[in-house]
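Novice: Quick one: the structure is below, and I'll ask about it shortly.
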Amino acid sequence: MLIIQQNASSENVISTSERLSLFMKQPWVSEILEWTFLYDKQSILDGTSYNTTFFDTIGGVPYTEWKEQKVTSEQLISSVNSKFETWIDTLEDIKNNLGTWESSNEKTIIEREGIDFIIIWIQTAQSATAIELEKSAESPILNKQERDNLIQEVELGQTKLYGEKISENSEESAMSLELLCQKFSKDGKNLTPEQEERFLEIYDRLAHKTEERWEWSDFRAPDIRNFQKKVIIEHDFTKKVLDNIKGVKIPKEVYMQLWQGYIDAMGLHQKVVSNPNASSIYDGPNTLEIPDSKSYQEIDLTRVLSLMIHEIWAHYANQATSERSDFQIRWAKNIEKEEGLAIVLGHLFKGRKLADIKGARYAFPDILAGELLSKDERQDLVDLRWRMDRNSGDEGHKRDLRVMRGYPLDGPWAQRKDASYGRGMNKIVDLVIDRKCSIPDLYKGKFSLEDIVSWRLDSLISHENTVFPLLFPEMLLFMVGVGRSEFTHERFMNYMKEKYAGDIPDDTLNNVQVIRTFSKLKIFIRMWSEIEKHLPTSE
């Protein structure tokens with residue numbers, strides 16, 4: 001009798017795991033769980049931003065049909081939310097089946113926690129459905145009470161998923177203002193006199209509102225007109241190479257081939273594709289999606305290598321570890337770890353030390369502005385930050401849509417998913433410096449920093465199933481610096497030990513095999529050959 005029960009239970013576990021895997025691999029599920037909404041390009045030009053993730057991909061109604069009023073708002077909202085309800089019912093059923101199999105088992109507990117987070121994610125998206133559709137409607141869909149109730153529900157979900165508001169954290173508020181000061185001191189010269197005046201006006205307003213928020217403390221906003229930027233020391237050789245390749249552009253078709261080669265060399269399954277509706281690079285579970293916009297037709301070589309680290313070295317390596325260990329969960333608990341790791345690795349790649357990289361990430365000031373300023377002030381700040389990089393066009397508006405995903409455009413509020421990037425970076429720096437974990441510990445899959453530090457994964461994630469990245473980006477950068485003929489394994493490893501001294505132990509680097517097989521070597525040589533074509537010729 002016991003044997004029969006064990007076999008039946010085992011079959012149930014396999015079936016449940018497969019169901020969870022199939023659910024998580026649906027591309028539209030991933031976009032919702034990443035809080036990565038796409039908006040129809042024409043709708044943006046029309047000034048009626050239409051969320052294609054919700055209403056086309058999930059709802060089945062393209063923008064043209066919505067614009068021609070072939071469906072009512074009530075019908076479209078009901079259609080989308082009914083699918084969200086089906087997703088929740090499916091997940092509850094999967095979770096209940098998991099509970100029938102040794103509910104005290106650590107793997108089951110972690111999966112149940114993950115499913116609970118996914119359900120919160122979907123419920124938050126449900127609350128945002130009518131808000132998102134109203135952005136593209138000719139007249140209001142909701143009355144004030146309905147909007148206020150939905151905003152409150154979205155806020156509750158955001159807090160559970162991504163934490164408190166930036167304006168409720170004095171350290172993050174100060175970091176946000178300091179980042180604006182850094183940007184203005186470096187690139188304010190790219191603004192016209194009128195734009196500069198407007199930027200300073202908005203900064204003063206944001207600084208004042210922040211000081212009001214913390215008036216009971218000794219909080220003081222930095223003086224943007226007399227700002228002194230902290231000098232960050234970078235590894236000499238790395239800095240020299242990066243300086244030498246400034247301005248080296250890599251065409252889209254080439255960098256897509258480079259990224260695909262790196263994915264293939266690591267034995268991963270993702271495909272690099274173009275997405276005409278994407279506004280930024282998106283690391284989906286099965287596809288690495290590149291926008292078709294002008295700003296992505298060619299990008300700097302430094303960014304090509306940095307994104308190789310961010311998207312593949314960090315994100316896809318961890319996804320592979322989870323999949324090999326039969327964990328099918330991608331959930332909010334892992335965002336801080338995933339994005340924080342990717343950013344930390346990007347800083348280390350550029351030759352910086354862990355102790356020097358704490359601070360705000362790009363989204364922090366925009367989120368703070370969304371929480372404290374008016375719609376016009378927030379939108380102007382987002383646009384002026386974009387223009388300080390010598391950019392033009394409507395990208396500033398697209399970036400503001402990102403800030404306000406799930407919320408009405410008038411404010412005062414902002415999505416906090418993008419705050420997870422900087423928060424994760426800062427937490428990882430503290431954990432590694434305090435020796436509560438190491439960089440290699442962060443490759444144990446798509447789990448939270450709390451899971452990593454608690455060591456609850458040690459019995460579940462084997463070393464054999466852990467996917468550690470090939471060092472192709474570092475190898476390519478070093479080869480750019482020394483030339484193909486001077487590249488040797490010994491010289492490269494000495495460079496790595498010097499560059500990462502104090503942040504990654506020598507014994508960890510000694511265990512790294514640069515290239516394990518001839519097939520990977522061939523991929524690396526092809527990648528180098530493509531890059532070499534675009535390097536400036538020596539005089």
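Read in order, the letters of the sequence shown are residues 1 to 539 in the UniProt record's numbering.
Virtual Cβ for every residue (Gly too), placed ideally from N, Cα, C.
1. So, with DSSP's three-state summary, where would you put Val-248?
2. Does the structure place the stretch 528 to 536 close enough to the stretch 472 to 490 that three or more beta carbon pairs sit under 8 Å?
3. Please classify Leu-22 as buried or exposed, where buried requires at least 16 other C-beta atoms within 10 Å of its C-beta.
4. For the pair the stretch 361 to 368 and the stretch 413 to 421, tell me if three or more CB-CB distances fall below 8 Å.
5. Look at the alpha carbon of residue 563 and the alpha carbon of Arg-198, and state the distance between them as a whole number of angstroms.
6. Cα separation between Asn-97 and Thr-159?
7. Just the Cα atoms here: how many angstroms apart are Phe-524 and Ile-290?
8. Roughly how far, in whole angstroms, is the beta-carbon of Leu-177 from the beta-carbon of Ala-221, given that I think they are within contact range, below 8 Å?
9. What did DSSP end up calling Leu-288 once you bin it into helix, strand or coil?
10. Please list the terminal residues of the continuous alpha helix (DSSP H) segment that includes Glu-298.
11. Can the beta-carbon of Arg-405 be found closer than 8 Å to that of Trp-35?
12. Quick check on the burial criterion: 16 or more other C-beta atoms within 10 angstroms. Buried or exposed for Asn-391?
13. Can you have a look at Lys-246 and say buried or exposed, based on whether 16 or more other CB atoms are within 10 angstroms of its CB?
14. Return yes when the Cβ of Ile-309 is within less than 8 Å of the Cβ of Leu-345, no when it is not.
15. For Gln-257, which residues in the same chain have their Cβ closer than 7 Å to its Cβ, ignoring the five residues on either side in sequence?
16. Given a threshold of 16 other Cβ atoms within 10 Å of its Cβ, counted over all protein chains shown, does Leu-45 qualify as buried or as exposed?
17. In this structure, does DSSP put Val-272 in helix, strand or coil?
18. Using the rule of at least 16 other Cβ atoms within 10 Å of the residue's Cβ for burial, across every protein chain shown, is Ser-454 buried or exposed?
19. Using alpha carbons as the reference points, say which of Leu-354, Arg-387 and Gly-424 lies closest to Glu-336.
20. On the criterion of 16 or more Cβ atoms from any shown chain inside 10 Å, does Lys-436 qualify as buried, or is it exposed?
21. Going straight from the alpha carbon of Tyr-255 to that of Ile-299, what length do you get?
22. Contact between the stretch 143 to 160 and the stretch 49 to 69: three or more CB pairs below 8 Å?
23. From the DSSP output, which residues share a beta bridge with Asp-282?
24. Roughly how far, in whole angstroms, is the beta-carbon of Pro-412 from the beta-carbon of Gly-359, given that I think they are within contact range, below 8 Å?
25. Just to confirm before moving on: does the CB-CB distance between Leu-305 and Leu-476 stay below 8 Å?
26. For Tyr-282 and Lys-497, I'd like the C-alpha separation in whole angstroms.
27. Let's see if you can read the secondary structure: which residues bound the alpha helix (DSSP H) around Tyr-203?
28. Alpha carbons only, please: which of Arg-385, Ile-122 and Leu-409 is nearest the one belonging to Lys-189?
29. If I'm right that Ser-43 touches Ser-136 with Cβ under 8 Å, what's the distance once you round it to whole angstroms?
30. Please classify Asn-426 as buried or exposed, where buried requires at least 16 neighbouring CB atoms within 10 angstroms.
Specialist: Quick look at the numbers:
1. Assignment of Val-248 by DSSP, reduced to helix, strand and coil, places it in the coil class.
2. They touch, by the three-pair rule.
3. Burial check for Leu-22: the Cβ neighbour count within 10 Å stays below 16, so the residue is exposed.
4. Counting C-beta pairs with one atom in each stretch, the stretch 361 to 368 and the stretch 413 to 421 have three or more that are closer than 8 Å, which means they touch.
5. The displayed coordinates of the chain run from 1 to 539. Any statement about residue 563 would go beyond what the structure contains.
6. Cα-Cα distance, rounded: 28 Å.
7. Rounded to whole angstroms, the gap between the alpha carbons of Phe-524 and Ile-290 is 22 Å.
8. Between Leu-177 and Ala-221 a beta carbon distance of about 5 Å is seen, short of the 8 Å cut, so the two are scored as contacting.
9. DSSP places Leu-288 in the strand class (E or B) of the three-state scheme.
10. Where Glu-298 is concerned, there is no enclosing alpha helix (DSSP H), although the beta strand (DSSP E) it sits in stretches over 298 to 300.
11. Contact: yes.
12. The residue in question, Asn-391, is exposed, as its Cβ has fewer than 16 Cβ neighbours within 10 Å.
13. Exposed: under 16 other Cβ atoms inside 10 Å.
14. Less than 8 Å separates the beta-carbon of Leu-345 from that of Ile-309.
15. Excluding sequence neighbours, Gln-257 sits near Glu-530.
16. In this structure Leu-45 is exposed. Its beta-carbon is surrounded by fewer than 16 other beta-carbon atoms within 10 angstroms.
17. Note: Val-272 maps to strand in three-state DSSP.
18. Exposed, by the Cβ-count rule.
19. Taking only the C-alpha atoms, the option nearest Glu-336 is Gly-424.
20. When all chains shown are included, Lys-436 counts as exposed.
21. Their Cα atoms are separated by approximately 8 Å.
22. At 8 Å Cβ cutoff, the stretches do not touch.
23. A quick correction: the sequence has Tyr, not Asp, at residue 282. DSSP, once it has assigned bridges, lists Glu-289 as partnering Tyr-282.
24. Incorrect: roughly 24 Å between the Cβ atoms, too far for contact.
25. Their beta carbons are under 8 Å apart, which means Leu-305 touches Leu-476 by this criterion.
26. Going by the C-alpha atoms only, they are around 32 Å apart.
27. Segment 193 to 213, the alpha helix (DSSP H) holding Tyr-203.
28. Ranking Arg-385, Ile-122 and Leu-409 by Cα distance to Lys-189 puts Arg-385 first.
29. Yes, they are in contact, since the Cβ atoms of Ser-43 and Ser-136 sit about 6 Å apart, within 8 Å.
30. Here Asn-426 is buried: its Cβ has 16 or more other Cβ atoms, across all protein chains shown, within 10 Å.
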